[in-house]
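Report on the following structure.
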Amino acid sequence: MKRLRDRIAGLRVTLWTLIVPPSMWAAHFLFSYLWAALNCAKVGEFATFPTLFAIGTAVALVVIVAAGWVAHVQANRKGDTPPHDSGTEIDRLRFLATATVLLAALSFIGVVFTAMPVIFLTDCR
Amino acid sequence: MATLSLAGCNRHQSALAPFGVEASSTRDLTIILLIGAVVIAVAMSLLIRHAIRTPGERLTHRQGMKLVLWAGGVVPTILLFTLLVTSLPAMRPLPTSRADLTINVEGEQFWWRVAYRPPNAARVVSANEVRVPVGRTVALKLMGGDVIHSFWIPGLAGKMDMIPGRTNTLVVRATKPGRFRGVCTEFCGLSHALMAFDVVAMEPAAFDRWLAAEAKPAAGGNALFAQYGCGGCHAIRGTGEAGAIGPDLTHFGARQTLAAGVLPMTTANVASFIRHPEKTKPGVRMPAFDHMPPADAVALARYLQGLK
Ligand SMILES: [Cu+2]
């Protein structure tokens, strides 16, 4: 665990890592729509045990949590007190990390909220 | 403003006076949301008042962030999640079976073609009135005959579009008997606002008796009706009149309103509607019978009203 933490602390958040959680959310949203639409069109009804859907949702959540955790570790690096708003490298990193944490939280909720209707609605009408 | 909204209060056409399963759950959800909104608004006002009156620097940066996290993030998420999970089941359509009554309703400019399809009997054609048995599940097959209309019985269920070339299914179950009203809720032409219908929820036994009577042919034909060629558009079963452009008039006299829920069913109204339907409904698809002597119109009205 300690090793992993150190490895993560060595990683760098960039604009690219920032984009991961919302992209996952968008992909999962599309996946939910396609899953429901394809089932209704091809099978004619909602699957009674949506295994594939559950796996897809779990994958999306795991990726979002991972991205959020990496960012969280970086955001909480020891250093000077807030506010972190100067144009230095470390402040830039902290800003990106905090933004990623917040986005990951939002995307997590988004994925759960998108999955709910697919699980609760049992009818194609 | 208050008087205006109070004028909307009534028992026969209101989503707040439900007589069906779906409308009841929608009403309950509306009340929960309303109470929740008021509670949250009051709580926020108090919090803002408190924040304005308190001198600055009372909270540390950390405490402030904590407040934002909980009051602005965690609590709203939990509230929204609970709301989502409790309201989603209400979106599930009622289950149907082969034994249920099906009613085809087709929107036309500016009236409703209605056909009852009981599971073990022949279909029964009617118009401008929808009757449903209380406690039984009914599948409404909604279609558009010409343009897009929308079918809405506020006290029974949510609205659903009637689209030409498509069949939309709305499953309903009435929970108490009574006379109600439905309307078209998609602009469909000049008389869109004059396109309504009566809804009658009946005890199942009374409904079965009514449907059996509705299936019977009319008492008899009428010379004037034949002479003016009304049968080119209107059907009266059992008389050889079989037009399908206008509403079926076989049991016209048993309806409570005239011209798709627009006028009270009086002889004077029917007679003047026959001579000048466009005066009641602009853009109507029935021609004016300007040259018809008023006495003939009254005679026709009497005949039609006799078709119970
Ligand atoms: Cu209409």
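Line by line, the protein sequences are chains Y and X. Here the UniProt record's numbering is used: the first residue of the first sequence is 1, the next is one more, and so on. Here the UniProt record's numbering is used: the first residue of the second sequence is 1, the next is one more, and so on. Idealized CB from N, CA, C, for every residue including glycine.
The Cβ of R77 of chain Y sits no closer than 8 Å to any Cβ of chain X. In the structure shown, D100 of chain X adopts coil according to DSSP, grouped into three states. Between L156 of chain X and P55 of chain X, the alpha-carbon positions lie close to 54 Å from each other. The beta carbon of F108 of chain Y is closer than 6 Å to those of I64 in its chain, skipping five residues each way along the sequence. Using beta-carbon distances, R94 of chain Y does not count as an interface residue toward chain X, since no partner is under 8 Å. If you draw a straight line from the Cα of K176 of chain X to the Cα of L30 of chain Y, it comes to about 42 Å. The beta-carbon of R98 of chain X is placed no less than 8 Å from the nearest beta-carbon of chain Y. At a Cβ-Cβ threshold of 8 Å, A99 of chain Y and L18 of chain Y count as neighbours. Between T51 of chain Y and V111 of chain Y, the C-beta gap is not smaller than 8 Å, which leaves the two residues out of contact. Chain-order list of chain Y residues neighbouring R92 of chain X: L121, T122 and D123, by C-beta distance under 7 Å.
In the DSSP annotation of this structure, the continuous segment of the alpha helix (DSSP H) that includes M65 of chain X starts and ends at H61 to L69.
Chain X has no Cβ within less than 8 Å of the Cβ of F53 of chain Y.
Look at the stretch 6 to 78 of chain Y and you find these whole runs of alpha helix (DSSP H), each 4 residues long or longer: 15 to 38 and 51 to 75. Scanning Y:D123, Y:I119, Y:E45 and Y:C124 for the CA closest to the CA of I55 of chain Y turns up Y:I119. Boundaries of the alpha helix (DSSP H) harbouring G110 of chain Y: E89 to F120, taken from the DSSP string. Distance from the Cα of R179 of chain X is smallest, within the candidate group X:I40, X:D248, X:R255 and X:P247, for X:R255.
With a cut-off of 7 Å, the C-beta of H50 of chain X is classified as distant from ligand 1, since no heavy atom of the ligand falls inside that distance. Between the C-alpha atoms of V85 of chain X and M116 of chain Y there is a straight-line separation of about 7 Å.
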